[in-house]
Each structure stands twice: as structure tokens, then as C-alpha cells.
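Have a look at the structure below, then the notes.
Protein chains: 2
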Amino acid sequence: MTSKNLKQTQIHTRQQILSTTLNLFSNKGYFNTSVRDIARESDVSIGSIYHHFKDKEGIASAMYNNLIDQMVTQLTQIKTSHNNAHDRCRAVITFLFEMTEEEPAAMEFMLSSKHRDFLPNEKPICSSMPFEMMRKLVKDGMLSGEIQLMDLMVASSCLYGASIRMITSRLDGLVDKPLPEYLEAIWLSSWKSVAA
Amino acid sequence: MTSKNLKQTQIHTRQQILSTTLNLFSNKGYFNTSVRDIARESDVSIGSIYHHFKDKEGIASAMYNNLIDQMVTQLTQIKTSHNNAHDRCRAVITFLFEMTEEEPAAMEFMLSSKHRDFLPNEKPICSSMPFEMMRKLVKDGMLSGEIQLMDLMVASSCLYGASIRMITSRLDGLVDKPLPEYLEAIWLSSWKSVAA
DNA sequence: TTGACTAGAACGAACGTTCGTTCTAGTATT
DNA sequence: AATACTAGAACGAACGTTCGTTCTAGTCAA
Numbered sequence: 002m003t004s005k006n007l008k009q010t011q012i013h014t015r016q017q018i019l020s021t022t023l024n025l026f027s028n029k030g031y032f033n034t035s036v037r038d039i040a041r042e043s044d045v046s047i048g049s050i051y052h053h054f055k056d057k058e059g060i061a062s063a064m065y066n067n068l069i070d071q072m073v074t075q076l077t078q079i080k081t082s083h084n085n086a087h088d089r090c091r092a093v094i095t096f097l098f099e100m101t102e103e104e105p106a107a108m109e110f111m112l113s114s115k116h117r118d119f120l121p122n123e124k125p126i127c128s129s130m131p132f133e134m135m136r137k138l139v140k141d142g143m144l145s146g147e148i149q150l151m152d153l154m155v156a157s158s159c160l161y162g163a164s165i166r167m168i169t170s171r172l173d174g175l176v177d178k179p180l181p182e183y184l185e186a187i188w189l190s191s192w193k194s195v196a197a
Numbered sequence: 002m003t004s005k006n007l008k009q010t011q012i013h014t015r016q017q018i019l020s021t022t023l024n025l026f027s028n029k030g031y032f033n034t035s036v037r038d039i040a041r042e043s044d045v046s047i048g049s050i051y052h053h054f055k056d057k058e059g060i061a062s063a064m065y066n067n068l069i070d071q072m073v074t075q076l077t078q079i080k081t082s083h084n085n086a087h088d089r090c091r092a093v094i095t096f097l098f099e100m101t102e103e104e105p106a107a108m109e110f111m112l113s114s115k116h117r118d119f120l121p122n123e124k125p126i127c128s129s130m131p132f133e134m135m136r137k138l139v140k141d142g143m144l145s146g147e148i149q150l151m152d153l154m155v156a157s158s159c160l161y162g163a164s165i166r167m168i169t170s171r172l173d174g175l176v177d178k179p180l181p182e183y184l185e186a187i188w189l190s191s192w193k194s195v196a197a
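From first to last, the protein sequence lines are chains A and B. For any residue, its number in the working numbering is found by taking its place in the first sequence, counting from 1, and adding 1. For any residue, its number in the working numbering is found by taking its place in the second sequence, counting from 1, and adding 1.
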């Protein structure tokens, strides 16, 4: 086996663990998922798991930060590819809706988990980088005059609140159709609520 | 001790357990709270706890249903004391904001907990009676012409989504001032987003 | 009024299980 | 030979729960 392939195998094992864990945590929750479950489902031994991660919390932490990083990357790209708040925020919601359909487990882990319960050192998700970036877009929109001047938290809640509510409803099985089908209606209402 | 007083003592013990448990679950989460913790904090023995409740899940279940019932009572009263969707929905949000300030632990348990993880037989909170009643108010508003005709889930998310987001932000410590101070601004924007 | 009796609330040590983690042994790659 | 990785048995702590017992209050016969 070449060096490259070896490294790929290691990465593969690590990724295998992370991906299995994401599904287990999303389905049963952190505390209802044992390290033995992770080992069994990912076809990796307990020893291997502890070779790649410090402890169970370390797995959760790596997963969490992976997801945060993915989000930051996407949000950065969205910011650079549009030049006004209206288009940027709309693109953010579009992205969130699509991600909900394509990676529901990831979305559920980010939005519905009580990370504080098992990652006591992490900030609440609302204080994390992606959420801050989303609020920054709103702030810029207020400065440029596209969005009414008001409390930033209020404006952000109004602009994103409905969409986030639709996402959690969809994840809870209360919404039948894929979220993108609702995009136009949601966006129209949300933007109307804060537009200058 | 009279029969009445005896009964009050029993009820007192039960309520003591429930109230302590609400705080513990809200602070540390269901899985980080042991039955021993509940016994210690509520000054009640483990035996007593198991005398009053079938098991740990039974405590959580009783708490959950208590809270749901309280909400239903309040929402019913709101419905009868106003006669149009605008006033009713505004009163609902006012109530939620006040409750967040006065009983943050209760609010956190209802909104932020992943009940599914420890109450596998309960419906998700969004499918519960209080949320259904809140949607019913929106539906009536559409029928009476106050609210634009659109998907009920979309309209409900738009009308309540911002407020719920503010509540979770407040519970996460991202909002400094008491929520009622934001009521006017939030409501103005939320109503604008769906009004006919 | 007393004393025997009942009901059920309160108690907490002890039990068996499960968990996260460690440890030792083995395999494969360089 | 050295290193990186895998494997799963073994370990100790902590958990939810049980159970035999004590405590408390109420009832009622004498």
C-alpha cells in the first residue's frame, strides 16, 4: 500500500467514524449512543476509535467543528458572490433549505441538539461563527439602507426566524414537501418584515 | 394531622420533586441529572421518588404534561378574551415573552429540550396541543381575511418564528434586555409579514 | 383516653447492568 | 526494527431501580 493510500485509509477510518456518529447522534442522541454502538455501526474497533479520538466528547467535538467549518465556507462563498443584503440573505436561506434536504442529520445535529449538555466548552450554536456571519449580513444591510434600522437581534430573528422554524418543522416531520418549494413564499414574507 | 393536610403533604412532596427536577433538567439536561441528584436537591429520598413516580422517565413525563397543560389553559384563555387573529396572536407572543422571563427553566425545557431522546412516546413539541392551537389562530385569521391566504405552516412560521428565535436567543444569553421590551418591534415586523 | 391495628409515605443500602475508558496483544507498513 | 494502527477483553465508576424496613397519621375497639 502506498503512503498516499495509507493516509487515505486512516482518513477513511476517521471519516467513517465521524459519519456513522453523525447519524447515530442524530437518530438517538448523544447519550443514547454508546461508544460500542459507534464501533459496531462503523465497523471499527473500540481501540481504533480511541486511537483517532481522545474520548467520546472528542468525537462530538470534531463533528461539531467540521460542520461549523463547512457552514463558514459556504457562507463566505455566498457573501462574495452577491453584493447586497437582499441577495445574500436569500442565498443563505436557499442554502439552509437545500442542506436540510440533502444532509438532514447534519442539520438536525446543528439546530436541534443541546450541545451544551455534552460539549460544555463550546459556545451555544447561536453564538457560533455561522450565526454571527448571518447576523453580519443583516447588519450590513441596515448600514446600506436596505433594511430598516432596528435592534440587530430583532432584525435577524425576523429575517431568519421563519426559515429556521420551517427547517425544524421539516426535521420533525410536520412538513411534507421539500423546503425549497416554500422558499419563495417564506422569503417574500421574511424580507417584507424588515425591508426599509 | 387532618386528612386534608396529609394529602397536601403528599402533593407537596410530589410538587417538590417536579419543581427541583425542572431546574436540574433545565440546567444540566436529563442525562446529566441522576435520580440521586434529584433526591439530594429536593430533600426527598430515592425511595420516595420511586413511590411517587414509576421511573425517571415518569418524572420527565409528568413535568412535560404539566407544562403542556399550563400552556393550553393560557392559550384557551387568550382565545376567549380576544376576538380577532391580530389581537390573539399578539397576546400569545406577549404571554410567551413574559413566561420566558418569569419561568425560564420551564420555557427552556419546552423549547430547547430534545424530548424525543428521553420521552420516546411523546410527539415532538411542535405537534403538541399548544403549538396546534397557535396554528389554529393563524388559520382562523386566514379564513377571516386578516391574514394572507398561504400555506398554514409558512404563515405560522412567519408569524411566530421571529419571536421563538428571540426566546431561544434570550435563553442562550444572547439578548440582554427582558423580552417584553422587544415586543412592539417584533410584533410590528411579524404581523407585517403575513397581514392581508 | 388509651392501645392495637392499618395504610401508605419515606428511607437508603444493595443489586445488576451499562457505560466510557484503558490495557495488552497482535498486524501491517516503512 | 520501528511505527502506526487495530482489536476486543478487562476495569472501575456511576447509573436506574428494587426491596426490606421504618416512620407517621388515622381509625376504632375497649
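We put the CB at the ideal spot given by N, CA and C, even for glycine.
Taking the runs of the alpha helix (DSSP H) that are 4 residues or longer, which of them lie wholly in the region 57-122 of chain A?
-> 57-82, 86-103, 105-112 and 116-119
Tell me the start and end of each unbroken alpha helix (DSSP H) in the region 23-54 of chain A that is at least 4 residues and wholly inside, in chain order.
-> 36-43 and 47-53
Do I165(A) and V155(B) have their C-beta atoms closer together than 7 Å?
-> no
Per DSSP, cross-strand counterpart(s) of A196(A) | I148(A)
Looking at the C-beta of L180(B), does it have a partner C-beta in chain A at a distance below 7 Å?
-> no
Report the option in D38(A), F132(A), I126(A) and I50(A) whose CA atom is closest to the CA atom of Q75(A).
-> F132(A)
Please name the residue in L172(A), G174(A), E147(A) and P179(A) whose C-alpha comes closest to that of A196(A).
-> E147(A)
Check K124(A) in the structure and name its three-state DSSP category.
-> coil
Quick one: residues in its chain with C-beta nearer than 8 Å to the C-beta of T95(B), no 5 flanking neighbours on either side, listed in chain order?
-> P181 and L184
Coil, strand or helix - S20(A) by DSSP | helix
Would a check of beta-carbon distances place A163(A) closer than 7 Å to chain B?
-> yes
Kindly indicate if chain A contains any beta-carbon less than 7 Å away from that of P125(B).
-> yes
Taking the alpha helix (DSSP H) that S221(A) falls in, what are its first and last residues?
-> What is shown of chain A runs 2 to 197, which leaves residue 221(A) out entirely.
Proximity of E104(B) and P179(B) at Cβ, strictly below 7 Å | no
Any idea if R37(B) is buried or exposed, counting beta-carbon neighbours within 10 angstroms, 16 or more meaning buried?
-> exposed
Output the distance between the C-alpha atoms of Q71(A) and E99(A), rounded to the nearest integer angstrom.
-> 14 Å
Taking S170(B) as the query, report the chain A residues whose CB atoms sit under 8 Å from its CB, ordered along the chain.
-> C127, M154 and S158
Taking only beta-carbon atoms, is M130(B) less than 7 Å away from chain A?
-> no
Would you identify the three-state DSSP class for K178(A), choosing helix, strand or coil?
-> coil
Kindly indicate if chain A contains any beta-carbon less than 7 Å away from that of L97(B).
-> no
Of the listed residues I39(B), N85(B), L189(B) and H83(B), nearest to I60(B) (C-alpha basis) | I39(B)
So is K55(B) buried or exposed if we call it buried at 16+ other beta carbons inside 10 Å?
-> exposed
Out of curiosity, what's the CA-to-CA distance linking L160(B) and H83(A)?
-> 28 Å
Enclosing alpha helix (DSSP H) for Y161(B) [first to last residue] | L153 to L172
Say whether chain A places a C-beta atom closer than 7 Å to the C-beta of G30(B).
-> yes
Measure from the C-beta of L112(A) to each C-beta in chain B and report whether the shortest distance is under 7 Å.
-> no
Can a CB atom of chain B be found closer than 7 Å to the CB of K193(A)?
-> yes
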